[in-house]
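**Student:** In order, the protein sequences belong to chains A and B. Just so you know, we're using the working numbering here: the first sequence kicks off at 1 and counts up by one. Just so you know, we're using the working numbering here: the second sequence kicks off at 1001 and counts up by one. A virtual CB, placed ideally from N, CA and C, is assigned to each residue, including glycine. Have a look at this one before I ask anything.
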Amino acid sequence: MNNAAARQIADLEARLLVLEQQLARRDDLLATADARLNVITAACAALLISRDVDTIAHLVVREALQLLPGTNSALLYMIDQDGQQLQLIASSTPPITSSVSNRPVGSGPAGRAFLSPRAMLLNGPELELILDELSPEQDAEMSAFLPHWPPSTALIAPLRSATRRLGAILLCGGTNAHLYRPHDLPFVQVLADLTAIAIEEATERARSQSLQADLVRTRSLHAEAQARLDCRQAPAATSAKLAAVGELAASVAHEINNPLYAARNSLYLLEQDIATDAPLRPFLDIAQQELGRIARIITRMRDFYRPSRAELGPTDVNTLLRETIELVQTHLRHNNIQVVSQLSPELPLLNAQADQLRQVFLNIILNACDAMPNGGALTVDTRPVLASAENSATLQASIADTGVGIAPEHLHHLFEPFYTTKASGTGLGLAISAHIVTQHGGRIEVDSCVGQGSIFTILLPVESPISSVEK
Amino acid sequence: MMRTEASNEENAVGRQRAAALRHAITMGTWRIQIVDKDRTAAQITRRGIACALGSAADVRVALSANDAWLACTRGDVDLLIVDPTPNDVAALGLIRALRHYRNPVQLLVLTAYDTPGLRSAMRRFGVKSYAAKPIELRDLLPSIRHQLQELHDA
């Protein structure tokens, strides 16, 4: 009985020993797995904040050495744009040199890894067969590049995203006769999947940034083109608006002429029969005078919109500007405005309607005076602009003031008829000016800064198209 | 053939002018007609000229441009005053016809629709006297007297 019991106890102790050994092995495995999970977690966190493919690749090859002890070198390949060659972009041990050539897809450890569906463990003859797929040159190249080549054990894994294959990871082992084991595979696969996700995201982010930059550039170009278009269309639109208003004004003036003629001359007929000393005679005179005044207003309004047919002729813009400044000299002096003239002596003559251009200069100079109620400087500048591929030879006249400037919200409406910011303005001066300059084939540009002043630049082509315009 | 037609036309013009002169000499009055779609304006013109010239003028407002044309062809008009409004084809047609057929009637365009285009068109039609409303009669009457004087001198 005692012997039987003693044997039973011995058996149990032996079984216990075996179980304890098994438990110790499991503990080792658990500790290894725990360490690897820590590596994976750290890699995961690092990958989250990595922003470019190069950083990700170097991080991954470094972490691979910690994840799988016994690894001599970790290599990360990326597929090229044609999808034909794998390019080594990161290596754990030596820095990459230009001597490492690309690998074709499908052969050698990297080529096989790229096409494999999952991570693979290569040991023994299987690894030798795959290494044999390398050409002698490639083999020599790897021997020169890696300190431990050929490897005695290897793990390979594809880098895949949901839609495409990105590259491959190759881990070469054999240090201290360590061989990779099947339970290493899930860790390599996880590392490869994390790498693929991080690379895909970085690539997409780079593409998105590139598209965003393109979008910004396109919007900027669009805005520039729109601004140029607006700039070109604005005078035409203003001119068309002015023409429409002018047509309306002329039409109204014509319709008024007949009743005005009848009323005016009815008074004339009455006048013939009323004695000059009749008590009511002064009122008749007043009525006649006021009707005469209406007649003059109507005529002026009609002529204002339909500039008189002044003759075209050789016109010296410098002379016109000098004459205009002379005309307003008293006004300038009273307002304490200093005039600075920078008139180019090389200015060509224009074929233009001098009276109309004088009106343009006068309008702009008087506006400049209004903008400087406390005095300031009025700079008048002319210069020829040589012909270019885009523009014909042009004459430029600039009138700058140091006045109150024009608020941005008013700038786009400056040349619209009846648009004015002055309490007593008619809003016609600049509209008429723009119309006249447009009729001469030119344009007016305005640059203004509130509190600093404004510059009106009048650009007139030397060869005026006005002769072909209906006047 | 062309020469014969031109000759006939010249004879007709001569006859009309002679008739007008005979009338002016014998009756002592100038026959003036006004073509104006604005009836009030037309009456004021008529009254103004009538007052100014008194019995020396017989001033009438034509019922239409066509009536005025018929009167001119009969030699019953010495001075025709027309307002060719843009939408009145008949008045423009009347002026064109007078010039085309070389009618010797004196013509004065008195318009409320003065434009460079109309002035230019009137010049092309050979119109020498042109006035724009709302001209005062005191300024218009000298021009009318001058035209009548020209007719008399001719």
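For ARG281 of chain A and chain B, any beta-carbon pair shorter than 8 Å?
**Tutor:** Residue numbering aside, residue 281 of chain A sits at position 281 when the first sequence is read from its first letter. Closer than 8 Å: no.
**Student:** Helix, strand or coil for ASP214 of chain A per DSSP?
**Tutor:** Along the first sequence, one-based indexing puts residue 214 of chain A at 214. In this structure, ASP214 of chain A counts as helix in the three-state DSSP scheme.
**Student:** What is the DSSP secondary structure of THR457 of chain A, reduced to helix, strand or coil?
**Tutor:** Working through the first sequence from its first residue, we reach residue 457 of chain A at position 457. DSSP places THR457 of chain A in strand when its eight states are reduced to three.
**Student:** Taking the CB atoms as reference points, tell me whether SER1143 of chain B and ALA1154 of chain B lie closer together than 8 Å.
**Tutor:** Here residue 1143 of chain B refers to the residue found at position 143 of the second sequence. Here residue 1154 of chain B refers to the residue found at position 154 of the second sequence. In this structure, ALA1154 of chain B does not lie closer than 8 Å to SER1143 of chain B by Cβ.
**Student:** Count Cβ pairs between the region 50-62 of chain A and the region 192-211 of chain A that sit closer than 8 Å; are there 3 or more?
**Tutor:** Yes, since at least three Cβ pairs between the region 50-62 of chain A and the region 192-211 of chain A fall closer than 8 Å, the two stretches touch.
**Student:** Relative to chain B, which residues along the region 268-279 of chain A have a C-beta separation below 7 Å, given in chain order?
**Tutor:** Going along the region 268-279 of chain A in chain order, one finds TYR268, LEU269 and GLN272 with a Cβ nearer than 7 Å to chain B.
**Student:** Just to confirm, is the Cβ distance from LEU349 of chain A to ASP316 of chain A under 8 Å?
**Tutor:** Translated into the one-based positions of the first sequence, residue 349 of chain A becomes position 349. Translated into the one-based positions of the first sequence, residue 316 of chain A becomes position 316. It is a contact, given that the beta carbons lie within the stated cut-off.
**Student:** If you follow the alpha helix (DSSP H) that ILE169 of chain A is part of, which residue opens it and which one closes it?
**Tutor:** By 1-based counting over the first sequence, the position of residue 169 of chain A is 169. Here ILE169 of chain A belongs to no alpha helix (DSSP H); instead the beta strand (DSSP E) covers 165-173.
**Student:** For ILE40 of chain A, name the three-state secondary structure that DSSP assigns.
**Tutor:** Along the first sequence, one-based indexing puts residue 40 of chain A at 40. It is helical.
**Student:** Against TRP1113 of chain B, what residues of chain A qualify as contacts under a CB-to-CB distance less than 7 Å, listed in chain order?
**Tutor:** As a first step, residue 1113 of chain B is located in the second sequence; it is residue number 113 there, counting from the start. Per the sequence shown, residue 1113 of chain B should be read as Tyr rather than Trp. Result: HIS254.
**Student:** Does the pairing of the region 1112-1123 of chain B with the region 250-258 of chain A give three or more beta-carbon distances under 8 Å?
**Tutor:** Segments in contact, yes.
**Student:** Between ASP1137 of chain B and chain A, is the shortest Cβ-Cβ distance under 8 Å, so that the two count as touching?
**Tutor:** On the second sequence, residue 1137 of chain B is found 137 positions in, with the first residue counted as 1. At residue 1137 of chain B the sequence reads Leu, which differs from the Asp that was named. Yes, LEU1137 of chain B counts as interfacial toward chain A.
**Student:** If distances are taken between C-alpha atoms only, which option among A:GLU409, A:LEU127 and A:ALA35 comes closest to CYS449 of chain A?
**Tutor:** Translated into positions along the first sequence, residue 449 of chain A becomes position 449. The shortest C-alpha separation from CYS449 of chain A is found at A:GLU409.
**Student:** With distance defined between alpha-carbon atoms, name the residue in B:ALA1056, B:PRO1086 and B:LEU1092 nearest to ASP1078 of chain B.
**Tutor:** Start at 1 with the first residue of the second sequence, and residue 1078 of chain B comes out as number 78. With distances taken between Cα atoms, ASP1078 of chain B lies closest to B:ALA1056.
**Student:** Starting from the N-terminal side, write out each stretch of the beta strand (DSSP E) that is 3 residues or longer and does not extend beyond the region 40-106 of chain A.
**Tutor:** The region 40-106 of chain A contains these whole beta strand (DSSP E) runs: 71-79 and 85-91.
**Student:** Helix, strand or coil for VAL1109 of chain B, going by three-state DSSP, please let me know.
**Tutor:** Indexing the second sequence from 1 puts residue 1109 of chain B at position 109. Correct three-state label for VAL1109 of chain B: strand.
**Student:** Can you confirm whether ARG293 of chain A, when its beta carbon is compared against all beta carbons of chain B, has any partner nearer than 8 Å?
**Tutor:** Counting from 1 along the first sequence, the entry for residue 293 of chain A is found at position 293. Chain B contact via Cβ: absent.
**Student:** Report the partner residues of ASN488 of chain A according to the DSSP bridge assignment.
**Tutor:** As displayed, chain A neither begins before 1 nor continues past 471, which places residue 488 of chain A out of reach and without an answer.
**Student:** So which residues on chain A does CYS1072 of chain B lean against when the C-beta distance must stay under 7 Å?
**Tutor:** Along the second sequence, read from residue 1 onward, the residue named residue 1072 of chain B stands at position 72. In chain order: nothing, as chain A lies at least about 24 Å away.
**Student:** Quick check on the DSSP output: what are the complete beta strand (DSSP E) runs of length 3 or more inside the region 1045-1112 of chain B, in order along the chain?
**Tutor:** If we require 3 residues or more, the beta strand (DSSP E) runs fully inside the region 1045-1112 of chain B come out as 1057-1061, 1079-1082 and 1106-1111.
**Student:** Please report the residue range of the alpha helix (DSSP H) in which PRO408 of chain A lies.
**Tutor:** In the first sequence, the residue the question calls residue 408 of chain A occupies position 408. Residues 408-411.
**Student:** For ASN1066 of chain B, which residues from the same chain have a beta carbon less than 7 Å from its beta carbon, with the 5 sequence-adjacent residues on both sides left out?
**Tutor:** Sequence index remark: in the second sequence, residue 1066 of chain B carries index 66 (1-based). Taken in chain order, the residues that qualify are ALA1090.
**Student:** Have a look at B:LEU1140, B:ARG1046, B:ALA1042 and B:LEU1108 and flag the residue whose alpha-carbon is nearest the alpha-carbon of PHE1125 of chain B.
**Tutor:** Indexing the second sequence from 1 puts residue 1125 of chain B at position 125. The residue with the shortest Cα to Cα distance from PHE1125 of chain B is B:LEU1108.
**Student:** Less than 8 Å between CB atoms is the rule here; does ARG264 of chain A satisfy it with respect to chain B?
**Tutor:** On the first sequence, position 264 is the one that residue 264 of chain A refers to. So, interface residue.
**Student:** Near GLU445 of chain A, which residues of its chain fall below 6 Å by C-beta distance, leaving aside the five closest residues on each side in sequence?
**Tutor:** Translated into positions along the first sequence, residue 445 of chain A becomes position 445. Excluding positions up to five away in sequence, the list reads THR457.
**Student:** Give the residues of chain B in contact with LEU260 of chain A, contact being defined as C-beta atoms less than 9 Å apart.
**Tutor:** Residue 260 of chain A sits at position 260 when you count from the first residue of the first sequence. Those are ALA1112, LYS1133 and PRO1134, listed as they occur along chain B.
**Student:** Does the pairing of the region 99-106 of chain A with the region 215-223 of chain A give three or more beta-carbon distances under 8 Å?
**Tutor:** Judged by Cβ distances under 8 Å, the region 99-106 of chain A makes no contact with the region 215-223 of chain A, as fewer than three pairs qualify.
**Student:** Roughly how many angstroms lie between the CA atoms of ILE49 of chain A and ALA43 of chain A, to the nearest whole one?
**Tutor:** In the first sequence, counting from the first residue as 1, residue 49 of chain A sits at position 49. In the first sequence, counting from the first residue as 1, residue 43 of chain A sits at position 43. Rounded to the nearest angstrom, the two C-alpha atoms are 10 Å apart.
**Student:** I believe GLN396 of chain A touches VAL380 of chain A by the beta-carbon criterion, under 8 Å. Please report the beta-carbon distance rounded to the nearest angstrom.
**Tutor:** Locating residue 396 of chain A in the first sequence gives position 396, counting from the first residue. Locating residue 380 of chain A in the first sequence gives position 380, counting from the first residue. Not confirmed; about 12 Å, so no contact.
**Student:** How would you write the range of the alpha helix (DSSP H) that PRO1142 of chain B sits in, first residue to last?
**Tutor:** What you label residue 1142 of chain B is simply residue 142 of the second sequence in a count that begins at 1. Residues 1137-1153.
**Student:** Can you tell me which residues form a DSSP beta bridge with SER398 of chain A?
**Tutor:** Working through the first sequence from its first residue, we reach residue 398 of chain A at position 398. The partner list for SER398 of chain A (beta bridge, DSSP) reads A:ASP381 and A:THR457.
**Student:** Looking at C-beta atoms only, is the number of pairs between the region 120-138 of chain A and the region 147-161 of chain A that lie closer than 8 Å three or more?
**Tutor:** The region 120-138 of chain A, when compared against the region 147-161 of chain A, does touch it at the 8 Å Cβ threshold.
**Student:** If ARG264 of chain A and LEU291 of chain A are in contact, beta carbons under 8 Å, what's the gap, nearest whole angstrom?
**Tutor:** Counted from its first residue, the first sequence places residue 264 of chain A at position 264. Counted from its first residue, the first sequence places residue 291 of chain A at position 291. The Cβ separation is near 5 Å, so the contact holds.
**Student:** Please compile the residues from chain A whose C-beta is within a distance smaller than 8 Å of the C-beta of ASP1088 of chain B.
**Tutor:** The residue labelled residue 1088 of chain B in the question sits at position 88 within the second sequence. Going along chain A, no residue has its Cβ under 8 Å from ASP1088 of chain B, so there is no contact; the nearest lies around 12 Å.
**Student:** Answer with yes or no whether the minimum CB distance from ARG1031 of chain B to chain A is below 8 Å.
**Tutor:** What you label residue 1031 of chain B is simply residue 31 of the second sequence in a count that begins at 1. Output row for ARG1031 of chain B: interface = no.
**Student:** Checking contacts by CB at 8 Å: is ASN257 of chain A closer than that to chain B?
**Tutor:** Position 257 of the first sequence, counted from the first residue, corresponds to residue 257 of chain A. ASN257 of chain A counts as touching chain B.
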